[in-house]
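Below: one structure, written as structure tokens.
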């Protein structure tokens, strides 16, 4: 099979790069030697790339000497070939078009190669592989190669900032981010922001899964946002039980036992339509990795459109690849989640365990230093919220069923505490003034 290529275009670009500094800069910024189909052209491009690191002007003589030193001069066709390159460069202004053509041909060849590899490992039944997942990795790795952005002038950022200011002034009091579903929390955070990693951390039984699920269901059911929940601790059915209990104020225990009261049954039947039509998607794959999560999100976007919110419950249960100490693994996972937030331009809400340190203190309210296994979690997160319930530790407290949501870190906002009502029988948090 003849592979996509255009050796004449490759030669024309190399000629332009020899004659024009701007063409040289554009070429080495956007291409690599493996993008050239012709081996000689790839060798020459690599030589130009290396020469450009410390030379402002490169001509055929300098290039010839360099290739001779590398033992590649005869291999590329000698001086006749280098002179021919110069004759191919009719107009250096055409260099961007040449670059684009070479990139497209290279991408097609890589795609063909990936397809052939997919065919081969699909035939090979001796290996225990998730064929679809492996195939997606091959394809998506190609798009990753082209995902890197170049430097952006500050003017572009200023223009984007002005757009934001205009939108905000047109909607005074409106939120910039995705609503959490809680009035006071929205006022403190301005909502969950696109591209940010949001961390909810607590000791066991404080309700961190419930809080994240409450935010997810508000976004999907009430704001019609596209929400993906990765539940590594609970299965899909358990999450649906909790969703129904919190959304329709049905006692979770009655749902689990199948002993709904007539009133609870009516609530459930009336609300079934809203819940079943909400754009809320759950994946309960245990021990999922960042790469698997990225693959699933990309497939989801292709089928259902842009993702508005990703929830991960919880990050310490994710697969960090093994082979290193757990602290290094967790650091890699937190960096990966932050990268997903930026790549999919949506907030990633991740839950995290805390160390046992709060249990050893008189005041058991969590601190940033309590984040378990890695300080990198704190560094990567844009927003960190801790959950604390006084009545969990002190049964005689006057503050029963009240949770403190401590905003311990907010990269672009204030810190502070928001108090919410905790309705344990419904696995639901609520604004205090509503209850």
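In the numbering used here, the protein residues as written are 1 to 435.
Positions of the beta carbon are idealized from the N, C-alpha and C atoms, including for glycine.
| Check | Outcome |
| --- | --- |
| Under 6 Å Cβ to Cβ from residue 435, same chain only, skipping five residues before and after it: list those, please. | The pLDDT assigned to residue 435 is 48, lower than 50, so where the model puts this residue is not dependable, and the model offers no usable value. |
| Please report the straight-line C-alpha distance between residue 106 and residue 74, rounded to a whole angstrom. | 25 Å |
| Residue 198 and residue 347 look like a contact to me (Cβ under 8 Å); what is the Cβ gap, rounded to whole Å? | 6 Å |
| DSSP has residue 351 in a bridge; who is on the other side? | 200 |
| Pull up the distance between the alpha-carbon of residue 56 and that of residue 193, whole angstroms please. | 44 Å |
| How would you write the range of the beta strand (DSSP E) that residue 310 sits in, first residue to last? | 309-313 |
| From what residue to what residue does the alpha helix (DSSP H) around residue 16 run? | 7-19 |
| Below 8 Å on the Cβ atoms is my guess for residue 247 versus residue 217; work out the distance and round it to an integer in Å. | 6 Å |
| Return the CA-CA distance between residue 243 and residue 204, expressed in angstroms with no decimal places. | 20 Å |
| Using C-beta distances below 6 Å, list every residue in its chain close to residue 249, excluding the 5 sequence neighbours before and after it, in chain order. | 426 |
| Out of 180, 219, 14, point me to the one whose CA is closest to residue 200's CA. | 180 |
| Apart from the five residues just before and just after residue 391, which ones in its own chain have a Cβ nearer than 6 Å to its Cβ? | 397, 400 |
| Could you name the residues that DSSP lists as bridge partners for residue 319? | 289 |
| Taking all protein chains shown into account, do 16 or more other C-beta atoms lie within 10 angstroms of the C-beta of residue 311, making it buried, or fewer, making it exposed? | buried |
| So what does DSSP say about residue 409, is it helix, strand or coil? | strand |
| DSSP three-state label for residue 229, please. | strand |
| What are the boundary residues of the alpha helix (DSSP H) that includes residue 332? | 326-343 |
| With DSSP collapsed to three states, give me the class of residue 123. | helix |
| In the region 38-94, which residue ranges form an unbroken alpha helix (DSSP H) of at least 4 residues, counting only runs that do not cross its ends? | 39-51, 60-70, 78-88 |
| Evaluate residue 294 with the Cβ neighbour count: other Cβ atoms within 10 Å of its Cβ, from every protein chain shown; 16 or more gives buried, anything less gives exposed. | buried |
| My guess is that residue 61 and residue 18 are in contact by the Cβ rule of under 8 Å, so how many angstroms apart are they, rounded? | That pair is no contact at about 11 Å. |
| Residue 424 by DSSP, collapsed to three states: which one? | helix |
| Run through the DSSP bridge pairs and tell me what residue 418 is partnered with. | 405 |
| Sorted by chain position, which residues of the same chain lie with C-beta nearer than 8 Å to residue 402's C-beta, five sequence neighbours on each side aside? | 389, 390, 391, 419, 420, 421, 422, 432 |
| State the Cα-Cα distance for the pair residue 211 and residue 267, rounded to the nearest angstrom. | 22 Å |
| Once you ignore the five residues that flank residue 82 on each side, which residues in its own chain have a CB closer than 7 Å to its CB? | 60, 63, 64 |
| Give the DSSP-derived three-state secondary structure of residue 242 in the structure shown. | helix |
| Can you round the beta-carbon distance between residue 103 and residue 30 to whole angstroms, since I take them to be within the 8 Å contact cut? | 7 Å |
| Bridge partners of residue 282, per DSSP? | 229 |
| Alpha carbon to alpha carbon, what distance is there between residue 313 and residue 28? | 43 Å |
| If you reduce the DSSP assignment to three classes, tell me which class residue 108 lands in. | helix |
| Which of the three DSSP states, helix, strand or coil, is assigned to residue 392? | helix |
| Relative to the C-alpha of residue 38, which candidate in 299, 98, 344, 76 has its C-alpha closest? | 76 |
| Quick one: Cα of residue 223 to Cα of residue 350, how far? | 20 Å |
| Determine the closest residue to residue 355 out of 333, 316, 344, with distance taken between C-alpha atoms. | 316 |
| If I'm right that residue 188 touches residue 407 with Cβ under 8 Å, what's the distance once you round it to whole angstroms? | 6 Å |
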